[in-house]
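Accompanying notes for the structure given below.
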Amino acid sequence: MYTVIRYTVIMNSIIKATVFNSIVLISNALISNTASAAQNVVLVTLDGVRWQEVFSGADKNLINNADFVKNPTQLNKQFWAPTANKRQQLLMPFLTQHVAKKGVIVGDRARGSNMSVSSPWYFSYPGYNEILTGEVDEKINSNNKVLNANKTILERLDERADFKGKTVLFGSWHVFPYIVNTQRSNVYVNAGFMPIENDLFADAKLLNALQNEIPSPWENVRLDSFTYRFAKAYMQAKTPRLLVISLGETDDFAHDGHYDQYLKSARQSDAFIKDLWSTIQTTPGYKNNTTLIVTTDHGRGSSASDWQHHSSKRALAELHLAGNKFPEGIVGSEHIWLAAIGPTIKGRGLITTQNELKQAQVAATVLSALGINPKHLNSNMAPPISEILK
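Residue numbers (this note's numbering): -3 to 386.
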């Protein structure tokens, strides 16, 4: 009798242990599957937005300058405050108060956080090539519509079966089809004044009509609202794994000397980013497995005399730009910034840097966030920004 009871107890213990171990294995498998779920990245670029505004808000030397502002009193009510932190909140509240605090931000040179371009030119086409390829090509020395000989990470990923048709770019500037080289690559690009497919979403036909009816101040850059609305609708309909959205108004308003419109466009860009992150968190397939990275292609000058411009000393000399007005180039226009948030990003806030981080590192950072070893895709690209990645 005792032997039977003891046998029963032992068998029950074995059964319980087996069930427990099975539950543990199942739980671990579920955790593993969740952790290894396919990652996505949304990369947003804000053309020519200075680090000075990102970290300190409106510039006191520009906001009251009648050469650049039509109504200084009104603009001060919208964007001026006595402290940099409050000015940040008035200009780009989501980027600086949410993304930068829940994730990371780099580029506040006043606080030992340094990032800059790698190319020797300091303007858009070389910058976007650097961001999207992870390499510097000094032969790209203009913003002309020249087909890029280099493959972007969009194209390299699209060549893989697991990313086929899952890398896309929406941009306001009409040169992006050349930067991504759509004649060679199969990457979907919608840029400049290109329409969106009418059947993609309910308001597509209306937005296409409005894009033609509402005049843009520029012949080569459409209004960012169309770029963002098209990109958001495409993201929800097609669920790409790498989506690049490049907004362009800020750079063109700055070149035109409209500091008031530059600030307003920067604030609207921040609102787009907030809406984008909210959409990511409520869209199946994106919530909890999508990293958002925001950066810029170049900086600008730091004074009233040169804030409208950007180019290196070498660029001005070799390309005969701006005459001899800036013999040292636009000093500081190589300085850029980056912010990121998501499941692959550390929650470190402002990153102080031991060494200058570089624009060429963005591409490998995107790939790492996608769970891909950058060297397997392109052994020549710059390394990822390890300081921000988990």
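The C-beta atom is built at its ideal place from N, Cα and C for all residues, glycine as well.
Since this is a predicted model, take the numbers as computed values, not measurements.
Alpha-carbon to alpha-carbon, residue j and residue i
i: Lys98; j: Ser115; result: 31 Å
i: Asn137; j: Arg225; result: 31 Å
i: Asn60; j: Pro68; result: 5 Å
i: Leu334; j: Glu209; result: 35 Å
i: Tyr118; j: His294; result: 6 Å
i: Leu86; j: Thr92; result: 10 Å
i: Tyr258; j: Val171; result: 21 Å
i: Ala282; j: Ile341; result: It is Tyr, not Ala, that sits at residue 282 in the sequence shown. The alpha-carbon atoms of Tyr282 and Ile341 are separated by roughly 15 Å.
i: Ser212; j: Gln350; result: 43 Å
i: Arg218; j: Gly161; result: 25 Å
i: Pro78; j: Ala311; result: 37 Å
i: Leu385; j: Thr361; result: 8 Å
i: Ser382; j: Lys371; result: 14 Å
i: Lys309; j: Leu317; result: 10 Å
i: Asp199; j: Trp214; result: 24 Å
i: Gly108; j: Ile347; result: 8 Å
i: Asp266; j: Gln179; result: 33 Å
i: Asp133; j: Thr275; result: 36 Å
i: Ile368; j: Val38; result: 15 Å
i: Met88; j: Lys82; result: 10 Å
i: Ser329; j: Thr223; result: 25 Å
i: Gly188; j: Asn110; result: 32 Å
i: Ala96; j: Lys260; result: 20 Å
i: His94; j: Met190; result: 33 Å
Proximity below 8 Å, CB of residue i to CB of residue j
i: Ile269; j: Val40; result: yes
i: Ser112; j: Glu314; result: no
i: His331; j: Arg105; result: yes
i: Arg237; j: Leu366; result: yes
i: Leu58; j: Trp303; result: yes
i: Ala229; j: Leu202; result: no
i: Thr279; j: Gln207; result: no
i: Asp220; j: Leu243; result: yes
i: Gly253; j: Asp63; result: yes
i: Ile337; j: Leu272; result: no
i: Phe51; j: Gln84; result: yes
i: Arg152; j: Asn320; result: no
i: Lys147; j: Thr163; result: no
i: Phe166; j: Ala227; result: yes
i: Asn376; j: Glu131; result: yes
i: Asp154; j: Asn186; result: no
i: Lys66; j: Asp256; result: yes
i: Val45; j: Thr246; result: yes
i: Gln48; j: Ser298; result: yes
For residue i, the first and last residue of its enclosing beta strand (DSSP E)
i: Val95; result: Note, Val95: premise wrong, no beta strand (DSSP E); not H, not E.
i: Gly167; result: 163 to 167
i: Tyr184; result: 184 to 187
i: Val100; result: 100 to 102
i: Leu288; result: 286 to 291
i: Val240; result: 238 to 243
i: Ala335; result: 334 to 337
Selection from the options that minimises the alpha carbon distance to residue i
i: Pro414; options: Leu363, Leu373, Ala233, Asn140; result: Here the chain comprises residues numbered -3 to 386, so residue 414 is not present and cannot be evaluated.
i: Asn144; options: Lys260, Ile175, Glu383, Ala227; result: Ile175
i: Pro379; options: Gly328, Gln357, Lys386; result: Gln357
i: Ser216; options: Ile326, Ala250, Ser168; result: A small fix is needed here, since residue 216 is Asn in this sequence, not Ser. Measuring from the Cα of Asn216, the nearest candidate turns out to be Ser168.
i: Ser120; options: Phe222, Gln355, Ile368, Asn376; result: Gln355
i: Leu363; options: Val183, Trp76, Asn284, Ile149; result: Ile149
i: Ser301; options: Val327, Lys234, Gln179; result: Val327
i: Asn177; options: Val142, Asp158, Asn110, Met190; result: Val142
i: Phe249; options: Arg296, Phe159, Thr235; result: Arg296
The ligand GDP heavy atom lying under 7 Å from the CB of residue i
i: Ala229; result: Inclusion of the ligand GDP in the displayed structure is not the case, the ligand content being empty and no account of it being possible.
For residue j and residue i, believed in contact at Cβ under 8 Å, the rounded distance
i: Thr286; j: Asn36; result: 4 Å
i: Val100; j: Arg263; result: Between Arg263 and Val100 the Cβ distance is about 22 Å, and since that is not below 8 Å, they are no contact.
i: Ile284; j: Pro339; result: The residue you asked about is not Ile; residue 284 is Asn in the sequence shown. So it is a contact: roughly 6 Å between Cβ atoms.
i: Ala34; j: Gly53; result: About 38 Å separates the two Cβ atoms, so there is no contact after all.
Span of the alpha helix (DSSP H) around residue i
i: Asn36; result: Note, Asn36: premise wrong, no alpha helix (DSSP H); beta strand (DSSP E) at 36 to 42.
i: Val113; result: Element bounds for Val113: n/a, residue is neither H nor E.
i: Ala365; result: 357 to 365
i: Asn74; result: For the sequence presented, residue 74 should be read as Gln rather than Asn. Unbroken alpha helix (DSSP H) run through Gln74: 68 to 75.
i: Tyr255; result: 255 to 277
i: Val65; result: Premise fails: Val65 is in no alpha helix (DSSP H) and is neither H nor E.
i: Trp214; result: First-last for Trp214: undefined, no H or E at that position.
i: Pro173; result: 172 to 175
i: Thr129; result: 120 to 129
i: Asp154; result: 149 to 154
i: Asn81; result: 80 to 87
i: Gln207; result: 200 to 209
i: Glu314; result: 309 to 314
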